[in-house]
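Down below is the structure, laid out as structure tokens.
In the numbering used here, the protein residues as written are 275 to 526.
Below is the structure:
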């Protein structure tokens with residue numbers, strides 16, 4: 275494969291990881307359907323939040339909640355940057371880094387080149403997560419401006435304004451979720467140094483944990499119930515505009 279010292283099992287493991295990492299969101303939606311997943315249910319709840327925000331007289335609480343979310347995204351982005359620096363130090367450490375890693379852990383790699391490919395995969399996974407966090411922070415800042423500019427309810431545009439604000443907030447937190455999900459796949463990528471079989475098991479385990487948390491965890495069940503309440507309460511349902519279906523921005 276591109277001249278790299280990959281065994282057939284290494285190639286299979288890398289292909290499984292690439293599909294799981296890059297196509298996680300659409301594959302899970304196709305397999306589980308479009309209801310009772312945390313990401314999709316939270317899209318409905320966040321849209322309801324923004325519609326309620328547009329009708330409130332005081333929006334201090336909304337801005338504070340978003341400020342807390344920005345702080346969380348900033349913390350994850352900073353942590354991600356530290357991990358990237360560590361992985362880059364190993365990647366560009368040359369023969370000494372390879373020997374040090376070999377002496378500290380039981381790694382199954384045939385050459386230094388393969389070891390560097392394994393570390394590079396971890397680095398790329400973390401870098402993609404960092405970009406997701408950065409994009410989430412930018413969109414959250416846009417949302418704060420939208421909350422600050424929200425007109426008085428007497429203007430008669432609260433429903434439309436709130437729906438548009440929801441369509442801005444949902445992609446922002448979808449990007450944040452994708453950044454957090456990147457840690458799962460970075461751990462799976464790091465397991466490659468212990469062998470291709472371990473790499474496959476770790477990748478499938480990461481997907482299994484993510485799917486379980488999306489669909490079967492206590493949090494997922496509670497969020498699904500809250501979505502049902504929002505969609506079936508007459509006062510809330512009546513305030514919903516006949517807008518387009520809510521979609522989570524595809525994030526792998």
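Where is the CB? At the ideal position from N, CA and C, for every residue including glycine.
* **Nearest-angstrom beta carbon gap, residue 450 and residue 389 [assumed within contact, 8 Å]** => That belief does not hold up - the Cβ atoms of residue 389 and residue 450 are roughly 32 Å apart, past 8 Å.
* Asked: Among the residues of its own chain, which have a CB less than 7 Å from the CB of residue 431, if the five just before and after it don't count?
  -> 425
* Alpha carbon of residue 505 to alpha carbon of residue 324, nearest angstrom -> 15 Å
* To do: Taking 8 Å as the threshold, find out whether the region 435-443 comes into contact with the region 318-338 through three or more Cβ pairs.
  => yes
* Which class does residue 346 belong to by DSSP, given the choice of helix, strand or coil? -> helix
* CA nearest to the CA of residue 485, picked from 289, 292 and 303 -> 303
* Asked: Does DSSP put residue 281 in a helix, a strand or coil?
  -> coil
* **Check whether residue 354 and residue 404 have beta carbons under 8 Å apart** => yes
* Asked: Can you tell me the Cα-Cα spacing of residue 441 and residue 317, whole angstroms?
  -> 9 Å
* Asked: Do the region 456-471 and the region 408-422 meet, that is, are 3 or more Cβ pairs less than 8 Å apart?
  -> no
* Asked: What residue does the alpha helix (DSSP H) around residue 322 start on, and which one ends it?
  -> 312-329
* Asked: Around the C-beta of residue 285, are 16 or more other C-beta atoms found within 10 angstroms, so that it is buried, or is it exposed?
  -> exposed
* Among 493, 464, 457 and 299, the one whose alpha carbon lies nearest that of residue 351 -> 457
* To do: Determine the contact status of residue 357 and residue 393, defining contact as a CB-CB distance below 8 Å.
  => no
* Would you kindly work out how many angstroms separate the C-alpha atoms of residue 243 and residue 340, rounded to a whole number? => Outside the displayed span of the chain (275 to 526) sits residue 243, for which this structure offers no information.
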